[in-house]
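All letters in the sequence shown, in the order written, are residues 31 to 384 by the numbering used here.
We treat Cβ as the ideally placed atom computed from N, Cα and C, and that holds for glycine.
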Amino acid sequence: MQANIVTLPGDYIGPEIIAQAVKVLQAVAVQYGHTFHFDERRLGGASIDEFGVPLTEETLAACNAADAVLMGSVGGPKWDGVEASRRPEKGLLALRKGMQVFANLRPCTIHPQLAGACPLRPDIISEPIDIMILRELTGDIYFGKRWRSEDRKAATDEMAYSEMEVERLARIGFEMAKKRRGKLCSVDKANVLECSRLWRETVAKVAKDYPEVEVSYMYVDNAAMQLILRPSQFDVMITGNLFGDILSDESAAIAGSLGMMPSASLGSGTRGLYEPIHGSAPDIAGRDIANPLGTILSGALLLRHSLGLEDEARAIERAVEQVLDEGYRTGDIFSEGCTRVGCTQMGDLVAARI
31 MQANIVTLPG DYIGPEIIAQ AVKVLQAVAV QYGHTFHFDE RRLGGASIDE FGVPLTEETL
91 AACNAADAVL MGSVGGPKWD GVEASRRPEK GLLALRKGMQ VFANLRPCTI HPQLAGACPL
151 RPDIISEPID IMILRELTGD IYFGKRWRSE DRKAATDEMA YSEMEVERLA RIGFEMAKKR
211 RGKLCSVDKA NVLECSRLWR ETVAKVAKDY PEVEVSYMYV DNAAMQLILR PSQFDVMITG
271 NLFGDILSDE SAAIAGSLGM MPSASLGSGT RGLYEPIHGS APDIAGRDIA NPLGTILSGA
331 LLLRHSLGLE DEARAIERAV EQVLDEGYRT GDIFSEGCTR VGCTQMGDLV AARI
């Protein structure tokens, strides 16, 4: 297979972690006889520095012409003084909107080797935890109308959803639940928000087409609590942009480190946007100590969902498991008795085990 992959290294630790994911994907290409062409572009602060805007039309066009996009992390204090309309994060939001990727997949799995890094009691994580959080990505309060008073002392952000936006995400969630353990939990705030009442009504309507899937509904505050009290109860969770952003970061803490968590953002086709869920970590940038495993595992999701290469995706996931089994750890997941390695060495270790 030949595939064109746009890489968007982003800012601070972004280029460091993307380099390791590319290294692992190149090892996959060699091992399995594929050809992956990598086209590096600028996004976020790096794009502001070079072009004056966080996302250029040329970069967006390249992303939409590619088979998949692999992204690092954007933003940081260097660009704090930039006006709101040109901040690095605006480039990310525009990229998601421009690529029409509306479903953000954020898996939460506790690797057995990292059980000690999980902040929950051992009895809580004694049952297997394998959660897929499906976050709607192009609607909600992040894309709603904004208003600020002239005296800057009052502000409004609009939370808005249409039935179509909820339904297309719900159908992806139900299809995933069918292939997993047959359970779906829809998270909202329908006791307070009209937007959430539409969400729940729409999910209930879609659920009629999936009688084999067990459906439950949960308010977001209770869902946040239940993720801590009994995370094993969840299979697929679907929720809006704001709630999904918060819950998926909470689930990352359960897994032991943000650095371990991959994500995939998909639309109606196979093209997707893949990235770790953590930020740009300016405090550790340039020190070769960032954890690249979330980005490497995002590469596995890229192979699975955009290129249809399941065996190759599993090869990356097995290589990560093997490296963890052998006791190699970056600083964020290090524990006594393990071998501390840096970002580059971790990439080398995973690539060598493909």
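Among the options, nearest to residue i - alpha-carbon criterion
{"i": "Pro82", "options": "Phe68, Gly121 and Thr65", "result": "Sequence check: residue 82 is Gly here, not Pro. Ranking Phe68, Gly121 and Thr65 by Cα distance to Gly82 puts Gly121 first."}
{"i": "Cys225", "options": "Phe273, Ala184, Gln256 and Arg176", "result": "Phe273"}
{"i": "Trp109", "options": "Gln130, Asp79 and Leu135", "result": "Asp79"}
{"i": "Leu379", "options": "Arg370, Val353 and Cys368", "result": "Val353"}
{"i": "Trp229", "options": "Val243, Arg117, Gly270 and Val245", "result": "Gly270"}
{"i": "Ala49", "options": "Arg227, Cys138, Ala190 and Met101", "result": "Met101"}
{"i": "Met329", "options": "Gly316, Glu193, Val371 and Ala349", "result": "Residue identity check: residue 329 is Gly in the sequence provided, not Met. Looking at the Cα atoms, Ala349 is the closest of the given residues."}
{"i": "Asn34", "options": "Pro322, Cys93, Ser298 and Ala343", "result": "Cys93"}
{"i": "Pro322", "options": "Glu188, Thr139 and Lys53", "result": "Lys53"}
{"i": "Arg227", "options": "Arg126, Lys208, Lys175 and Tyr191", "result": "Tyr191"}
{"i": "Gly169", "options": "Ile155, Glu195, Ser365 and Asp187", "result": "Glu195"}
{"i": "Thr300", "options": "Val243, Tyr247 and Ala98", "result": "Ala98"}
{"i": "Met376", "options": "Ile326, Lys183 and Leu38", "result": "Ile326"}
Where residue i falls: helix, strand or coil (DSSP)
{"i": "Arg165", "result": "strand"}
{"i": "Lys208", "result": "helix"}
{"i": "Gly367", "result": "coil"}
{"i": "Gly82", "result": "coil"}
{"i": "Ala133", "result": "strand"}
{"i": "Met101", "result": "strand"}
{"i": "Ile284", "result": "helix"}
{"i": "Phe264", "result": "coil"}
{"i": "Pro322", "result": "coil"}
{"i": "Ala311", "result": "coil"}
{"i": "Ser156", "result": "coil"}
{"i": "Tyr240", "result": "coil"}
{"i": "Glu193", "result": "helix"}
{"i": "Ser336", "result": "coil"}
Beta strand (DSSP E) segment containing residue i, residue limits
{"i": "Trp177", "result": "Arg176 to Arg178"}
{"i": "Asp187", "result": "Ala185 to Asp187"}
{"i": "Thr360", "result": "From DSSP, Thr360 is part of no beta strand (DSSP E); its letter is neither H nor E."}
{"i": "Lys213", "result": "Lys213 to Asp218"}
{"i": "Pro292", "result": "Pro292 to Leu296"}
{"i": "Gln32", "result": "Gln32 to Gly40"}
{"i": "Asp181", "result": "Neither: Asp181 is in no beta strand (DSSP E) and is coded neither H nor E."}
{"i": "His67", "result": "Thr65 to Glu70"}
Contact set for residue i: own chain, Cβ-Cβ below 8 Å, skip 5 residues either direction
{"i": "Ala320", "result": "Ile43, Glu46, Ile47, Gly289, Ala311, Ile314, Thr360 and Cys373"}
{"i": "Tyr249", "result": "Val217, Asp218, Lys219, Ala220 and Asn221"}
{"i": "Glu119", "result": "Gly74, Pro84, Val104 and Gly105"}
{"i": "Glu351", "result": "His141 and Gln143"}
{"i": "Leu223", "result": "Met189"}
For residue i, the first and last residue of its enclosing alpha helix (DSSP H)
{"i": "Ala386", "result": "Residue 386 lies beyond the residue range present for the chain, which begins at 31 and ends at 384; the question has no answer from this structure."}
{"i": "Pro306", "result": "From DSSP, Pro306 is part of no alpha helix (DSSP H) but of the beta strand (DSSP E) over Gly302 to Pro306."}
{"i": "Glu224", "result": "Glu224 to Ala237"}
{"i": "Gly377", "result": "Cys373 to Ala382"}
{"i": "Val52", "result": "Gly44 to Tyr62"}
{"i": "Glu87", "result": "Glu87 to Ala95"}
{"i": "Glu351", "result": "Glu340 to Asp355"}
Close Cβ partners of residue i (< 6 Å) along its chain, the five nearest in sequence each way excluded
{"i": "Leu90", "result": "Gly128"}
{"i": "Ala185", "result": "Arg178"}
{"i": "Glu368", "result": "One detail in the question is off: residue 368 reads as Cys in this sequence, not Glu. Answer for Cys368: Gly357 and Arg359, listed in chain order."}
{"i": "Leu337", "result": "Ala33"}
{"i": "Ala57", "result": "Ala381 and Ile384"}
{"i": "Ser115", "result": "none"}
{"i": "Ala294", "result": "Leu135, Gly302, Tyr304, Leu331 and His335"}
Proximal residues to residue i (C-beta, below 7 Å), its chain only, five neighbours per side dropped
{"i": "Ser278", "result": "Arg136, Ile163, Arg165 and Ile307"}
{"i": "Ala283", "result": "Pro149"}
{"i": "Glu280", "result": "Ala254 and Leu257"}
Original post:
Counting Cβ pairs, one atom from each stretch, are 3 or more of them under 8 Å apart for the stretch 237-255 and the stretch 131-150?
Top reply: The stretch 237-255 vs the stretch 131-150: no contact.
Original post:
Just checking, does the stretch 264-284 make contact with the stretch 158-165 on the three C-beta pairs under 8 Å criterion?
Top reply: yes
Subject >> Cβ pair count under 8 Å reaching 3, the stretch 231-242 against the stretch 269-288 >> reply: no
**OP:** Would you be able to state if there are at least three C-beta pairs under 8 Å between the stretch 203-213 and the stretch 171-186?
**Re:** no
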